[in-house]
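Report on one structure; see the data block that follows.
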Amino acid sequence: MLSAWAGALVPVFSDTSVSGTGHLAYPPGSGYVLAANHTSFFDPVLLIGTLHRLGLRPAVLATAGLWRVPLLGRALTREGYVPVHRGSRRAPDALRHAADALAAGRGVLVYPEGGLSRYDTSHDRPPGRLKSGVVRLALSTGAPVVPVGHAGARRVSSGSRAKQLAGWATAPVRRPRVHVHIGPALRLDTADRPLDDLEAALAGAWSSAVRALDEAPAGRH
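Residue numbers (the numbering used here): 1184 to 1404.
This is the structure we're talking about:
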């Protein structure tokens, strides 16, 4: 349900294009991790909706506070999303539940920066330092990690609370251009420096998204 809603909202709030979809060609029942950069409150809608339109419905690791929102928490649980209790003794539970989803052959979407980047401008900037959770998940399960970079989400929503509300309100008229780039999968269980490799791959996917956003004509989907 949430994935379908997101899929319907993405073209309303943005003019989104996608590249690198061939890197998502996995046999049915094969678990994989999607590691994405996080810049805006819009990008979870962007990524979940875009993946839905590609026929994918991954479980998502999300901040546990969302489960306290009336009705939303039940919907998140129903769709198999995984709460992350950051800074508590329950934090390791997220990786265990994510490993269960991978074992069941499901994709898992993770934001390895561990939170939303905080800056005021609407411009994109490279992903920051990554937390080690995705690497630990990949090493313990052997699942491939697919870097997903996006650019332009901050044109929909960024800045102060007032600016974010204004951005959401005007986005259906403006339909800012956004691009999502899916990079080739990594096998971190065979890498010498897995965290460094993942940081480089995610930065590369983000750079590809930025270039595509700069080069693609408006209206391309």
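Quick reminder that beta carbons are idealized off the backbone N, C-alpha and C, glycines included.
None of the values given here were measured: they were computed from a predicted structure.
### Query
If we count the other Cβ atoms within 10 Å of its Cβ and call it buried at 16 or more, is L1299 buried or exposed?
exposed
### Message
Rounded to the nearest angstrom, what separates T1204 and L1239 at their Cα positions?
### Response
11 Å
### Query
According to DSSP, is A1208 helix, strand or coil?
coil
### Message
So, does the segment 1384-1397 touch the segment 1327-1342, judging by three or more C-beta pairs under 8 Å?
### Response
yes
### Query
Per DSSP, Y1215 is paired with what?
G1290
#### Entry: Own chain, CB closer than 8 Å to L1249, minus 5 neighbours either side, in chain order
L1255, G1256, L1259, P1266
### Message
So, with DSSP's three-state summary, where would you put V1331?
### Response
strand
### Message
In whole angstroms, give me the CA-to-CA distance for L1229 and R1272.
### Response
31 Å
### Query
In terms of residues, what are the limits of the beta strand (DSSP E) holding H1362?
1360-1365
### Beta-carbon gap between V1318 and V1216 smaller than 7 Å
no
#### Entry: From V1293, G1350, T1373, A1208, residue whose alpha carbon lies closest to that of T1304
Nearest neighbour of T1304 by Cα position, chosen from V1293, G1350, T1373, A1208, turns out to be G1350.
### Query
How long is the line joining the alpha carbons of S1223 and R1338, rounded to whole angstroms?
Pairing S1223 with R1338, the inter-Cα distance amounts to about 9 Å.
### Query
In the DSSP assignment, what residue or residues form a beta bridge with P1266?
A1245
### Message
Closest to V1458 by C-alpha separation, out of R1251, A1218, F1225, V1252, would be which residue?
### Response
Residue 1458 lies beyond the stretch modelled for the chain, which goes from 1184 to 1404, so this question has no answer here.
### Query
Hey, out of S1202, H1235, A1286, whose CA is closest to L1192's CA?
H1235
### Query
Along the chain, where does the beta strand (DSSP E) that runs through D1198 open and close?
1198-1202
### Message
If you follow the alpha helix (DSSP H) that H1235 is in, where does it begin and where does it stop?
### Response
1226-1236
### Neighbourhood of R1311 by C-beta, 7 Å cutoff - its chain only, sequence neighbours within 5 removed
First, the residue type needs correcting, since residue 1311 is Gly and not Arg in the sequence shown. For G1311, where only same-chain residues beyond five positions count, the Cβ hits under 7 Å are E1296, S1300.
### Task
Quick one: residues in its chain with C-beta nearer than 7 Å to the C-beta of V1328, no 5 flanking neighbours on either side, listed in chain order?
Within the same chain, Cβ atoms closer than 7 Å to the Cβ of V1328 are found at V1216, A1218, V1317, A1321, A1368, L1369, L1371, L1381, the five residues on either side in sequence being excluded.
### Task
Can you grab the Cα-Cα spacing for the pair S1186 / G1288, in whole Å?
If you take the alpha carbons of S1186 and G1288, they lie about 18 Å apart.
### Message
Quick check on S1341: buried or exposed, where buried means 16 or more other Cβ atoms within 10 Å of its Cβ?
### Response
So S1341 ends up on the buried side.
### Query
Going by the beta-carbon positions, is the gap between S1200 and P1359 smaller than 7 Å?
no
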